[in-house]
Amino acid sequence: MQSSLMRRFSLVDVYLWAFRIMVLVVVIWGTFGTIMARRYPGEVWIDFVVFGLSQGSIYALIALGYTMVYGILRMINFAHGEVFMSGAYTGYFVAAAFGRSGYLDRNPVVSLLVVLAVAMITSTAIALLLERVAYRPLRRAPRLVPLIAAIGASFFLQYAFRGFFGSGFQAYPETQVLKGTWAIAGINILRTQAVVIVASVLMMLGLYAFVMRTKTGTAMRAVSEDREAAALMGINVDRAIVTAFAVGSSMAGAAGFLYAIVFKQVHFFMGFTPGIKAFTAAVLGGIGNIPGAMLGGLFLGLFESVGPILFLDGLGIVAPYQLKDVIAFTMLVMVLIFRPSGIMGERLEVKKA
Amino acid sequence: MRIPIALVVALMVASGQYFVPAAPAATVGPVTDPVGVVKIEKDRSITIAYWLVVAGPDASLGIDSRRGVEIAIDDKNGRVAGHRIRLIGEDTGCNAEGGVTAATKLSANKAIVAAIGSNCSSEAVPGAPILWKAGIVTVSPSNTAPKLTAADRGPTYDGYLRTAHNDKVQGRVAAEFAFKVLKLKKAATIHDGSPYAEGLQGVFAETFKKLGGAVTAQEAIGPTDTDMKPVLTKIAVGKPEIIYYPIFTSAGGHVTRQAKEVSGLAGVKLMGADGMFSPDFLKAAGDGAKGMYLSSPDLSPEALGPAYGRFQEKHQKKYGEKPLSAFHAHAYDAAMMIFAAIEKVAKKDSAGNTYIGRKALRDALFATKAFKGLTGTLTCDKNGDCADPKIAVYQVVSADPVKWDAGKDPKKIYP
Amino acid sequence: MERARLNGHRRSWIAAAQKGLIWGGVAVFLALVGMIETFAGRQIIVGVISLGLALPVLTVLLAGYQGAQGQAGGAPGAPLVRGALAGAAVGVVVAALLVLGDLVNMRSMFVSASPAMYAALSFGRGASGIPLVLLSAAAVGAVGAAASLLSAGVRRPLVTAMAWTLGVGLFQELLQILLHAEGVRSAIRELLFIEDGLSVRGATIVFALAWGASAGWDRRGGAVRQWHGRLPVPRQRALRLSSLIAAVALLLLVPLAAGPFIAQVLVLVGLFALLGLGLNVVVGFAGLLDLGYVAFFAIGAYTLGLLTSLGEHGIVGLSFWAAVPVAVVVSLIAGVLLGVPVLRIRGDYLAIATLGFGEIIRILVLSDFLRPWLGGSQGVLGIPKPVIGGLEFRGPEQLFYLTVVSCALVIFVAMRLRDSRLGRAWMAVREDEDVAEAMGINRVNVKLMAFAIGAAFGGLSGAIFAVMVGSIFPHSFQLLISINVLALIIVGGMGSMPGVIVGSLFLVGLPELLREFAEYRFLIYGAALVLMMQMRPEGLWPAEALKRELHASEEAGPDSGRRGEG
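If you read the sequences in order, they're chains A, B and C. Just remember that our numbering sits 19 ahead of the position in the first sequence, which is counted from 1. Just remember that our numbering sits 119 ahead of the position in the second sequence, which is counted from 1. Just remember that our numbering sits 1014 ahead of the position in the third sequence, which is counted from 1.
Given below as structure tokens:
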């Protein structure tokens, strides 16, 4: 009797259950403690949620690029964070020029759109260069080789920008029109945050439509499914891959622009952490899955913003925001253990023959 | 298997004996010194080394210090004690093992007379003893951790001095300013996980509490974090009257800018420290910095006199930009102190060669009294603290980086 | 046929021009990134050529060399002219930069676009120097083309000699430190060097010696190899063993001869090699992509620190020798604890999950939350050095021996494991988990063993690191270290232990020795990684099996690329 029980539940399962329970206990106890302490009024919670969504939208946009490249090449483009950075950085020069000449304040919409365009174009150019020089020769190599090449490319881009533009940071000029808040449905949202959320949603919808409805998008999806079959169907695989890179990186460039609007500072190293976070978001949502990347990004942003205050503060942990990455990564691991294909991914276990 | 192990053990023993320092007292030429003597031949240069953070994301700190040293060398016309000055150096990377490697590399070079460094306290903790073991005395322009000049630091730090202030002073001045001058009773602090910031906010909090104030929150972020709004919102709930965040320009800029965007913090005063005392900070913080306070070494014209203005002109001419960080003047003073000490203890022989006793040099540095430096009048105590700890509190007038003029904008308001 | 040949010729000319333009782009890149200006202070041959000048010269030479390639059988001298054309193309791009710099102030955007940079590119003349630039570029291009025409017998010694001269010039500071002592060594130093670089005399000597050695080996090398092949097997083995012993003895004597700095660099190389050997077990043997390896490094260091420290966070104040086994065991357990949750995760997902764990550990040791026990950002201080008998391991030389012994121990264990049943089980799991399970291998245990052993090695490395520095700061445990270790086992040769050592020497030792180039270290590092992956992905000293796999997959074509996915 006992031995059949033992056979059903191995030690590993016990450990995993313990892990699950521990996390749940922390979450529930912490939340309970926070609510009981009643330290934070309702508006504050709304603020946290808005902050999280705004940050999450940026992660989502970057994650889209990761997910598209992974879907089509099965490769983690480690240098994607630098693609993001390059868009933001080059956008700075245009923005600064507009700011100095006063054009920024006279025609804010036009100038911001121009900066956005510059950011997107630069990111795309850098990504295409990357694909051509670093990744295309390595398409048939085992998985670790392009990963290392991507890591090398990431360092190279960071330090090339450092060599060109210096090791300090640059700051985007203030746009008068974006200062202050808007009251939407009774909630005060910062204008920059509103712009970020709306712009991201629009772009993501546009991308989704592109991938689902157009011929190029369908070609990309086909190549992601099965490269050989797609080639046999007459699809130009190289072009599909290049398109995937281009579209994904233009999203990253847009994310860079939005990031710079909110945080104002650009710096050669700024892509590193958002890159990792965005990759986490992509995996969280189900890598290779576009709506998944969006959701993953939003979730990640929310957890980073609300998590420490909701879970950790109630447990009496000091300086909970220092641990926000712990929350993010723990959540990631939980999802990977218990739902490995991510929130929206298909079951991974079915490997293609 | 046994033979190779025996071989290795034998070699270890042998190496131990090889490196047990034979009676270190050395007599070279006309100089006898218990730690060692450096001989500089007639037409050769005197070698000074730096070990600073000159590469990587924090490079502006080290480059700024190195430039201070280079201007000091220029001011001496490139010569000291009749020899040319040769400056070499290593990057330390602002971490402990970087400090170890840089110090080890420098300590292997027997030609080095003295060193300037380090920038980050975590490097000096292991690095300074390594340098002193080789007899190289080092003066730091920007280490501020109290433990490096504490009374119980031990004899391995006998060769370590600094021209930068001790954080104990800065934190205290900031707390006193907030409590006594601004008459605020509730404060919150933010640090970024660096030993410098964490220590400084700790001193502030302790002093503030001792004076009778209350600390509502002591939060922490990561140095590369950009989204500060959640932390600030949390702090806002405790309704502090002032937030003290002694962090660096990038993160400090984010905090300052976003503090204005968090609704609960309207009217709360903001205060930073010398890590943010540079025009770059205004660039990062934007208009939000108007009216905020910064504690920093007193670089105002009344305190420093016209010499600092002349230094700034030289800097602009030589490098085409304003100083990048806050410790260039301290580095300048460190270099000048060393040159003065060298000239005091260097002895020449009849052939024109120069000899410098290492312990004599060290003693001469520790005996520095009333030395007129850019940062004030320097007097070294027996633990190596040489700084004239003039810490002032400034208020930012306009938030325009172009108009930066330490002492006027930001304006010195205390003491 | 004639038309095709003519077209081929035309294409060669166009290709030459294109290559020149690309290399011109490279030269402009190097200028704008600041390398030319920064390196201009670095004399290779004092008074003759600095590294800053050598860079554009090299690009032109390479352009000329490539330009000369192309359709054979054209007019005699055509390759030379093609080379000159390629060189001139480089000159054109540089000239464009000079013109642009004259018209527009580029310095507000590109910080390196200083007057010094323009001067370096134009022989000090600025835009008016353009004709001179074009002429000299064409000339150097022709030289490069000429080099391609040389027979291999001349070209190889030429390239070797140039490389050696460049190398000796670059490493001059190091070599001068090594040759500091009085007597023979200092005489050699005087012979070869002046102040900060090679003297002309020294350069010629090095060049000649290297040429002679290379040409000599070319001629005699084949004969030596034949002779070696003809020896009876026991003699071959004896020869190999004695050369191995000689190499080991040389290794152990290095710190005595070379001084504390080299010993320090070797300690770092050794520590990273230890880390590499551990990660090699996880990634190389068992195929588990782990990007959070630094977690075990941290755990080992903190365990040792907390157990031995005499400062405020020390718990017991044990001696190093008593604490190390504890640190290793704790790391081993941590390996199991962190391995279980990720057992079912595969491939790239595993990479990101382990990366997450690495970051979690780093943040936890840094946090204020755990500060009372782990020291927070102030770290754990006051870790004493190990003592044996009365002898303290005070300096890098002694720590070097400690590291060597640890490496030897770890290599021994890893080799035995690799050749054991467990090792073969790892190989099976690496190739295909499901098939391995179907063959009766207990996947869970095998993977956990891999994590555990890898973690134990990492913990040992962390323990030695803690005593080397004498204090532990959380900032030493960044994600960058995990990436570095992964890169070094890939570059050195995955799955191969000599490869790990070689990788560590190149990716850890070399940057430490070339510290003057610290600002561009990562730029070069990144470029080197990308290039290596394209040219020699199996690494510098690969395990035989991997080399066969990688090159087989290239030859076989698209289908075989899909092996080993997931």
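All C-beta atoms in this analysis are idealised placements derived from N, C-alpha and C, irrespective of residue type, glycine included.
Using a Cβ-Cβ cutoff of 7 Å, what residues of the segment 197-211 of chain B are near chain C? List them in chain order.
Per Cβ criterion, the list reads 209, 210.
Could you compute how far the alpha carbon of residue 404 (chain B) sits from the alpha carbon of residue 99 (chain A)?
Each residue's alpha carbon lies about 28 Å from the other.
From B:303, B:441, B:463, pick the residue whose C-alpha is nearest to that of residue 390 (chain B); which is it?
Measuring from the Cα of residue 390 (chain B), the nearest candidate turns out to be B:303.
For residue 536 (chain B), which beta-bridge partners are listed by DSSP?
What the structure shows of chain B is the stretch from 120 to 534, and residue 536 (chain B) is not part of that stretch, so it cannot be assessed.
Evaluate residue 235 (chain B) with the Cβ neighbour count: other Cβ atoms within 10 Å of its Cβ, from every protein chain shown; 16 or more gives buried, anything less gives exposed.
So residue 235 (chain B) ends up on the buried side.
Among C:1298, C:1327, C:1381, nearest to residue 331 (chain A) - alpha-carbon criterion
Among C:1298, C:1327, C:1381, the Cα nearest to that of residue 331 (chain A) is on C:1381.
Closer than 7 Å to chain C by CB, residue 32 (chain A)
No - not a single Cβ of chain C is within 7 Å of the one on residue 32 (chain A).
Pull up the CB-CB distance for residue 233 (chain B) and residue 256 (chain B), whole angstroms please, since I reckon it's below 8 Å.
About 5 Å; that satisfies the 8 Å criterion.
Please report the distance separating the alpha-carbon of residue 1111 (chain C) from that of residue 423 (chain B).
Computed Cα separation, rounded: 45 Å.
Please list, in chain order, the chain B residues whose beta carbon lies closer than 9 Å to that of residue 1332 (chain C).
Under a criterion of Cβ atoms nearer than 9 Å, no residue of chain B is adjacent to residue 1332 (chain C); the nearest Cβ is some 21 Å distant.
Quick one: complete alpha helix (DSSP H) runs, 4+ long, within the segment 1064-1122 of chain C?
Taking 4 residues as the shortest admissible run, the segment 1064-1122 of chain C contains the following complete alpha helix (DSSP H) segments, listed from N- to C-terminal end: 1065-1082, 1092-1117.
Partners in chain A for residue 337 (chain B), counting only beta-carbon separations shorter than 8 Å:
337, 338, listed in chain order.
Residue(s) in a DSSP beta bridge with residue 490 (chain B):
Answer is B:497, bridged to residue 490 (chain B).
Close beta carbons around residue 214 (chain A), own chain, < 8 Å, minus the five adjacent residues each side:
By the criterion of a C-beta distance shorter than 8 Å, residue 214 (chain A) is surrounded in its chain by 197, 277, 280, once the five residues flanking it on both sides are discounted.
For the segment 1441-1461 of chain C, list every residue whose C-beta sits within 7 Å of some C-beta in chain A, in sequence order.
The segment 1441-1461 of chain C vs chain A, Cβ under 7 Å: 1458.
Would you mind giving the Cβ-Cβ distance between residue 1353 (chain C) and residue 1462 (chain C), rounded to the nearest angstrom? I have them listed as a contact below 8 Å.
Their Cβ separation, rounded to whole angstroms, is 5 Å, which keeps residue 1353 (chain C) and residue 1462 (chain C) in contact under 8 Å.
Name, in chain order, the residues that DSSP records as bridge partners for residue 209 (chain B).
Partner(s): B:170.
Given a limit of 7 Å on CB to CB distance, which residues of the segment 346-359 of chain B reach chain D?
Note that chain D does not occur in the displayed structure, where the protein chains are A, B and C.
Range of the contiguous beta strand (DSSP E) that encloses residue 391 (chain B)
Taken as a continuous stretch (DSSP letters only), the beta strand (DSSP E) holding residue 391 (chain B) covers 388-391.
If we define contact as Cβ-Cβ less than 7 Å, is residue 307 (chain B) a contact residue for chain A?
Answer no: the Cβ-Cβ gap between residue 307 (chain B) and chain A never drops below 7 Å.
In angstroms, rounded to a whole number, what distance separates the CA positions of residue 1489 (chain C) and residue 1325 (chain C)?
Answer to the nearest angstrom: the Cα atoms are 19 Å apart.
If you draw a straight line from the alpha carbon of residue 153 (chain A) to that of residue 1500 (chain C), how long is it in whole angstroms?
Roughly 19 Å separates the two Cα atoms.
Residue nearest to residue 1029 (chain C) in terms of C-alpha spacing, selected from C:1100, C:1183, C:1443
Of all alpha-carbon atoms in C:1100, C:1183, C:1443, the one lying nearest the alpha-carbon of residue 1029 (chain C) is that of C:1100.
Buried or exposed: which applies to residue 101 (chain A), given that a residue is buried once 16 or more other Cβ atoms fall within 10 Å of its Cβ?
Buried is the call here.
Cβ shell of residue 1080 (chain C) (< 6 Å), same chain only, five flanking positions each side left out:
Counting only Cβ-Cβ distances below 6 Å, and skipping sequence neighbours, we find 1033.
Compare the C-beta of residue 59 (chain A) with all C-beta atoms of chain B and state if any pair is closer than 7 Å.
True, the Cβ-Cβ gap to chain B drops below 7 Å.
Residue 414 (chain B) in three-state terms, based on DSSP:
Residue 414 (chain B) carries a strand assignment under DSSP once its states are collapsed to helix, strand and coil.
Quick check: the Cα distance between residue 994 (chain C) and residue 503 (chain B), rounded to an integer number of angstroms?
Here chain C comprises residues numbered 1015 to 1580, so residue 994 (chain C) is not present and cannot be evaluated.
As a quick exercise: from B:237, B:268, B:278, pick the residue whose alpha carbon is nearest that of residue 251 (chain B).
Check the Cα spacing between residue 251 (chain B) and each of B:237, B:268, B:278: the tightest is with B:278.
Contact list for residue 1487 (chain C) against chain B, beta-carbon separation under 8 Å:
The contact set of residue 1487 (chain C) on chain B, defined by CB atoms closer than 8 Å, consists of 214, 215, 241, 314 in chain order.
Cβ closer than 8 Å: which chain C residues qualify as neighbours of residue 569 (chain B)?
The requested residue 569 (chain B) is not part of the displayed model; chain B covers only 120 to 534.
Within the present structure, is the beta-carbon of residue 164 (chain B) separated from the nearest heavy atom of the ligand MN by less than 6 Å?
Because no ligand of any kind appears in the structure shown, any question about the ligand MN cannot be addressed here.
Looking at the structure shown, is residue 141 (chain B) part of a helix, part of a strand, or coil, going by DSSP?
Legend: pLDDT at residue 141 (chain B) = 36, less than 50; position of this residue unreliable, value from coordinates given subsequently. Assignment of residue 141 (chain B) by DSSP, reduced to helix, strand and coil, places it in the coil class.
Measure the C-alpha to C-alpha separation of residue 368 (chain A) and residue 361 (chain A) and round it to an integer number of angstroms.
At residue 368 (chain A), the pLDDT of 39 sits below 50, so the modelled position is not reliable; the number obtained from the coordinates is stated separately. When rounded, the distance between both Cα atoms is 12 Å.
Is residue 241 (chain B) helix, strand or coil by DSSP?
Judged by DSSP in its simplified three-state form, residue 241 (chain B) adopts helix.
Chain-order list of residues whose beta-carbon lies under 8 Å from that of residue 1116 (chain C) (same chain, five-residue window excluded):
Contacts found: 1140, 1141.
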